[in-house]
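For the sequence shown, my numbering begins at 240 and goes up steadily by one. C-beta: ideal position from N, C-alpha, C; glycine also. Following: one structure in structure tokens, then a few remarks.
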Amino acid sequence: MAEEPERVLPLAPSPAADGEGPAESSPGTGTPEPPSPASVSPGTEEPAGDTKKKIDILLKAVGDTPIMKTKKWAVERTRTIQGLIDFIKKFLKLLASEQLFIYVNQSFAPSPDQEVGTLYECFGSDGKLVLHYCKSQAWG
Numbered sequence: 240m241a242e243e244p245e246r247v248l249p250l251a252p253s254p255a256a257d258g259e260g261p262a263e264s265s266p267g268t269g270t271p272e273p274p275s276p277a278s279v280s281p282g283t284e285e286p287a288g289d290t291k292k293k294i295d296i297l298l299k300a301v302g303d304t305p306i307m308k309t310k311k312w313a314v315e316r317t318r319t320i321q322g323l324i325d326f327i328k329k330f331l332k333l334l335a336s337e338q339l340f341i342y343v344n345q346s347f348a349p350s351p352d353q354e355v356g357t358l359y360e361c362f363g364s365d366g367k368l369v370l371h372y373c374k375s376q377a378w379g
């Protein structure tokens, strides 16, 4: 079975869309401004070793929920569960009135303001975090 490519979830519109012009600076100017607070980790120093800026999540459908063709995604650690729910609903073209539930390890639903990085540190295994999504309550 062929390994499917890894996708990256879009987090924010490009800086040029804000009307501020390109975010890149020429090499002759001083230090460039950071891209945005959402795409930068909260720490000021670069973490060493195991800690990555993005983590791999595996999304699995439950019940009658449509299956995503791409199941493995790279997500920034600071992404919240609510942001992930919004992305999945948009990707699956669900109506705004339809609910979507996310479960960790087929056992509990994390809080919408919970960061994916924290869940990965506590419940991730084999270098990825497995999340199940469904349109009706399944566990917990």
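Just how far apart, CA to CA, sit residue i and residue j?
i              : j             : result
threonine 357  : glycine 322   : 15 Å
isoleucine 324 : cysteine 361  : 20 Å
proline 349    : lysine 308    : 24 Å
cysteine 373   : glycine 363   : 20 Å
glycine 288    : threonine 317 : Because the pLDDT of glycine 288 is 46, which lies under 50, any placement of that residue in the model is unreliable, and the number read from its coordinates should be weighed accordingly. Between glycine 288 and threonine 317, the C-alpha separation is close to 18 Å.
Output the boundary residues of the alpha helix (DSSP H) element that contains residue i.
i          : result
lysine 367 : Looking at the DSSP string, lysine 367 is not in any alpha helix (DSSP H); the run it does join, the beta strand (DSSP E), is 367-373.
lysine 328 : 320-330
What is the DSSP secondary structure of residue i, counted as helix, strand or coil?
i             : result
glutamate 360 : helix
Closer than 8 Å by C-beta to residue i: which residues in its own chain qualify, once you throw out the five before and the five after it? Chain order, please.
i             : result
threonine 319 : Pro351, Asp352, Gln353, Glu354, Val355
I'd like the list of long-range same chain contacts for residue i, defined as Cβ closer than 7 Å, with 5 residues on each side in sequence excluded.
i              : result
alanine 296    : Per the sequence shown, the amino acid found at residue 296 is isoleucine instead of alanine. If we look at isoleucine 296 and ignore the five residues flanking it on each side, its Cβ neighbours are Trp312, Val314, Val355, Lys367, Leu368, Leu370.
isoleucine 341 : Ile320, Leu323, Ile324, Ala348, Pro349, Leu370, Tyr372
glutamine 376  : Phe340
Can you tell me where the beta strand (DSSP E) with residue i in it begins and where it stops?
i                 : result
isoleucine 306    : Looking at the DSSP string, isoleucine 306 is not in any beta strand (DSSP E), and its letter there is neither H nor E.
glutamate 315     : 311-315
phenylalanine 340 : 340-343
In its own chain, which residues sit with a C-beta less than 6 Å from the C-beta of residue i, not counting the 5 before and 5 after it?
i            : result
tyrosine 194 : Because the chain spans 240 through 379 in this model, residue 194 falls outside it and cannot be assessed.
Does any C-beta atom of chain B lie closer than 8 Å to the C-beta of residue i?
i                 : result
phenylalanine 326 : The structure shown contains no chain B; it is built from a single protein chain.
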